[in-house]
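Each residue of the sequence shown is one higher than the last, beginning at 34 in this note's numbering. All residues carry an ideal CB built from backbone N, CA and C; glycine is no exception. This structure is a prediction, so every number in the text was calculated from the model and none was measured. Following: one structure in structure tokens, then a few remarks.
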Amino acid sequence: MSSQLKAAIKSFTRNGKNPFASLHKPSRSPDAPHERVHHYVVAPPPNRYSKLGPLEDPPMAQPQISMPITEPISAPTEADYTQAKLLKFDHKMEKFLLEATETTVWEAAEEIISSVTNSTDVIYWTNISSSGVLYSPVNDLYVSNNLGLLGSACSTRSTIMTDTPTQSKSYDSNIDSRLFPKDLPTAIFPVLNFRGKAVGVISVVKSQPFRDDDEQFFAFFQHKFQIYSRWILDVPLQEPFILDILQLHQMSELIPVMTQRIQAFFNCRACEIWSFDRNKKKYSRYTETETTEPETCGIAGNALDNECVINSINAQTVEGYDPVIDGEIQESIIAIPVTEASNRFVFATVLRGSINRPLFNSDDEATLRKLAPFIALALTNAFSFSKIQFEFERSAEEREGLAALLEVAEILSGQLDTERLCEIIMEKGRYLTKADRCSLFLVSQTRDHLITSFQRGLKDCIDIPITKGIVGRTVTEAKVLNIADAYEDPNFDNATDLQTGYRTKSILSVPIFNQRGEVMGVTEMINKNDGQSFSKWDTNLIQIFNVFCGISLENARLYKESLDMTSQLRSFFGISFSLAKTEDTKKVCSEILRNARRALDSRRASIFLIDESDSVFTPFVIDGGKLPISLPLEKGIIGDCVTKKDGVICNNPYSDPRFNRTVDQKSGFKTVSLCATPIIDEKGVAIGVIELVNRIHGSFRERDLKLLKSIATFVAVTLENSKLKGIATLGNTEIEISKYILEPERSLTEIPTKLKLSDEEKNKCSSLDFSALDFDGITMVKMIFYQFTKFNILAHFKISSETFFRFVYAIRKTYNSVPYHNWVHACDVTEYVSYELKTAKADEVYTPMELFALLTSAVCHDANHDGFNNIYNLKAETPLGILFKDQSVMETHHCSIAIGVLTKEECNIFASLEQSDVKWMWNTIIKLILATDMAHHFKLVKTATELVDGNEFDFKKDDCRILSMQLLLKTADISNVSRPFTLADRWCDVLNEEFFRQGDNEKKQGIDLTSPLNDRENSDKPKSQIGFYNFICIPLYQVIAKIFPDLAVNLNSLKSNLEVWKAMIQSNNPQSK
């Protein structure tokens, strides 16, 4: 290109004026294309081109000249053609400018250059110098701005034109081979802004060699682009946004709105505002949801410290990257720092993760640069406004505080209820200081520990030594402590924080003085709601406030003491009156204990009785709360109290090595103070202890212990009288109950602790191998309890353990000491019924009422059996034989005995039933017991067999349900035959002994033997068993197995035993004789 042409291009200018001021958007009609814009608007004055000769319009431009031609036209010169070419280029630039306003600079540049040069590929690469890349927005590609052909053109700001790109010195095969064909002409030239900075590079690829006109247009385009860059590259400010953020806002209002709008405008994943306070050396991060002061700042810290712009495709490659702060996502990041006017704060706007592009481009960077000062100004304004607002609010709070003090003084002067007084004091104190939590610590009467009387935000009261913690230091030094950061104070005890998960920051601890100038308590405020430290005004306010507190608390204490004396006198008279009553012992003791608790102002009161058999305390009466069912006799303060037979006061139990903490741990109750004294009987033996826990106001004193000892004497007299009365009215049953059932367990509907079977015993009592012959005494009672609770009978029918024990104890006493039909047999039958129900899953078939009836019948079915069968009673004309002649003699008698026991009030296990259910229960029990008469055996078996074989047995029918229950009880009544042979053989010997006993009696009375089995001298055990098995047992076991198939196991065991008896005969075993 000639120097003359270059000069012409450079002179073809508009003196730096805004080109868009002279352009208007062209009409879209065919008559007014954008090439037809009047050229005199954009053409330079004629004298600007004097050195190129006079300008005459070429034919193409004649219609566009607004001035008429008056002079004759001379022949065109070379300068004329040059001028015409430039005018043509200028038309194209006008089109470029117009399209740039409608689309983008890069799209318009690619379009105009492609149309002028007829190129196959044109790409505009914008230079993002802060990231060190060239980026094509149209193709979404980026390359290094200092490598390859593109990088060379950008860094040297020179044009590269080559027919073979691979032969260029700047060619980089790793980069350029992917961008340019190897054998097609390629031109690459930079575009500069008005400051001379390379803002982009344009690459052009043609299928034909470049012409001079192409090179001239590239130069013309570069020149015009640089002139117009101040307007076409200028990113307009977001004036509405700037006006919005520059309004006065609180920081809490500004940050969410600002970050949301910036994030939406730049279409990025996240926006953060960072600040660095040079005076305090403190970093802060502001996001949409929170404000934090991180210890490390990552990339933002790098931008703030060095005050440098950061724009990177991958945040992980940037210096200062911290995965905790910057995340572990590979994404783009841009950070623009700016220093505010006072030079104290540096602010940085950080955008993370451009959503539509892999990086933030130069326009994003330019826009953010322009916005950054306004963001900094908005933050500075918000800081200042927030501070002014805070000062205004604080001034208002101070005025409110003074008004509140007057209000409090008026309220306190008329309040004598200490608890209510403390509540008012703390509520007003917390309000005045805007604290999150508060506590009132009162010095104990022994002046060795502090107790919280009232607290907000804490579940339990706090009891601490008087020298411990910040509050302890407040008492010992008698001065105000205002702690800005609790964890930096060596006196702070963080145990409560660790236990509750709460975080204590600031503390204001102020002493309360009494009229004698002694510290009587401390008000402790925790954590200002605004996150700041407590102010000097807060301190002054609470000091004045505490003067009123001290006066009021002292007055309330004196008033409370006068009330206590009155209450104690009333309670003493109430206790004396209670002793005169003839009510239940427990009620009398409860009334005494309630009066004692009120008189001694305690949270909880208890009477424990000593169980010598198990060496434990058992709670007898509790007034307030719950306690374990037993406590070790040797442990705890009350154990020591009984051992020494002397009362004890302990106002700090957790520091006393005798204190048993397990009670508090299990109950969740916190023992703060304790007063206890033993209960001594008339023989001087300690039979229990009375204990008061947690005096509500103050600590226990010696005069409290003296009163408690007097009360213990009343309790001892009551218990002694009760014991004598119980033995007189209920005999040994009451003694037995007291041995096996603890006082709190009497009303429970579950097995008492001492009546529970071991796991091994439970397994034995739930199988066919059960041997009642090996159980004795109280173990049988335990077994009956277990069988009933196995089917939830006690709980379902609300039968207390005391009532059930009395029933079992009473029915047990009705059984006679005969060889077979005794209490052991009753327990054996009960276990077998339970075993059948579980094995056959019959508990899923029968109702709770039916299960209740069946188990009760099993326990009662042979009550008061005399060891003689019905035939004997009839033949011998015994009283029962005469009374129940032509009836089931013994079975009717068993029913009568059961009725006598169960209708006693203390044994009535049917007490919770409705009248109609009671009627049904007795009908069912009587039918079941009467069915055990062997005279009905064959009829019952036959009926059941016919129903089953005829497919007519249906559990939906009441008769079938009763029949199945009768068969289960009958099977259990002769269950010995189905148990393992060793047990069956033992039971056979026991039964034979009863047969022989009856036979001996028949011989003495001269009555014929009612059965050959009764003849002691001619006994053949195997033979008798074979007949009994074949004719009595097997038909019964077969039909019950048909009704309940799972019970076939019992039939098989029965048949197996039968084979043993047969084998004994065949082998002529001596045992058969």
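Residue i to residue j span [Cα, whole Å]
i	j	result
Asp1006	Ser780	33 Å
Glu877	Phe830	18 Å
Ile942	Arg631	38 Å
Pro690	Asp673	11 Å
Thr292	Arg377	23 Å
Arg694	Lys703	9 Å
Asp216	Asp196	7 Å
Gly86	Arg244	Confidence at Gly86 is low in this model, with a pLDDT of 34, below 50, so the placement of that residue is unreliable and no value is reported for it.
Lys952	Ile1065	33 Å
Lys1056	Glu1092	12 Å
Ala875	Phe1028	34 Å
Asn347	Ile146	33 Å
Glu111	Leu120	14 Å
Pro370	Tyr464	42 Å
Leu212	Val232	20 Å
Glu373	Cys582	49 Å
Ser1052	Ile1098	13 Å
Arg734	Thr529	29 Å
Ile904	Ser648	53 Å
Ser83	Thr115	With a pLDDT of 32 at Ser83, under the threshold of 50, the modelled position of that residue is not reliable, and the figure given next carries that caveat. Approximately 13 Å, taken between the alpha carbons.
Thr413	Ser188	39 Å
Asn547	Val696	37 Å
Ala1096	His970	28 Å
Identified DSSP bridge partners for residue i
i	result
Glu724	Ser639 and Ala709
Arg385	Ala303 and Ile366
Gly554	Leu475 and Ile545
Tyr319	Ile306 and Thr324
Ile559	Arg470 and Ile540
Val155	Val237
Ser791	Its beta-bridge partners do not exist; DSSP assigns none.
Buried/exposed call for residue i, threshold 16 Cβ in 10 Å
i	result
Thr710	buried
Arg506	buried
Pro686	buried
Val357	exposed
Ser743	exposed
Thr936	exposed
Leu916	exposed
Tyr848	buried
Asn897	buried
Pro652	buried
Leu1087	buried
Gly1032	buried
Gln1104	With a pLDDT of 48 at Gln1104, under the threshold of 50, the predicted position of this residue should be treated as unreliable, and no value is reported.
Tyr520	exposed
Ala436	exposed
Phe567	buried
Anticipated Cβ contact below 8 Å, residue i with residue j, distance rounded
i	j	result
Trp1094	Ile1059	5 Å
Asn579	Ile545	5 Å
Val726	Arg636	6 Å
Met553	Val476	6 Å
Cys622	Val748	6 Å
Phe692	Gly669	7 Å
Thr965	Leu1002	6 Å
Ile367	Phe393	4 Å
Ile543	Ile575	It is worth fixing the name first, because residue 543 is Val in this sequence and not Ile. The Cβ separation is near 5 Å, so the contact holds.
Any non-hydrogen atom of the ligand FMN closer than 7 Å to residue i Cβ
i	result
Ile343	In the structure on display, the ligand FMN does not appear, and there are no ligands present to speak of.
Inset, instruction - Please determine if the region 925 to 937 and the region 852 to 867 are in contact, where contact requires at least 3 C-beta pairs separated by less than 8 Å. - result: no
Inset, instruction - Tell me, please, whether the region 817 to 836 touches the region 776 to 791 by the rule of three or more beta-carbon pairs shorter than 8 Å. - result: yes
Inset, instruction - Flag this pair as touching only if the region 248 to 265 and the region 200 to 211 have three or more C-beta atom pairs under 8 Å; answer yes or no. - result: no
Inset, instruction - Give a yes or no on contact between the region 238 to 246 and the region 147 to 157, applying the rule of three or more CB pairs nearer than 8 Å. - result: yes
Legend entry - Stretch-stretch touch, CB-based, cutoff 8 Å, three pairs: the region 297 to 312 with the region 379 to 396: yes
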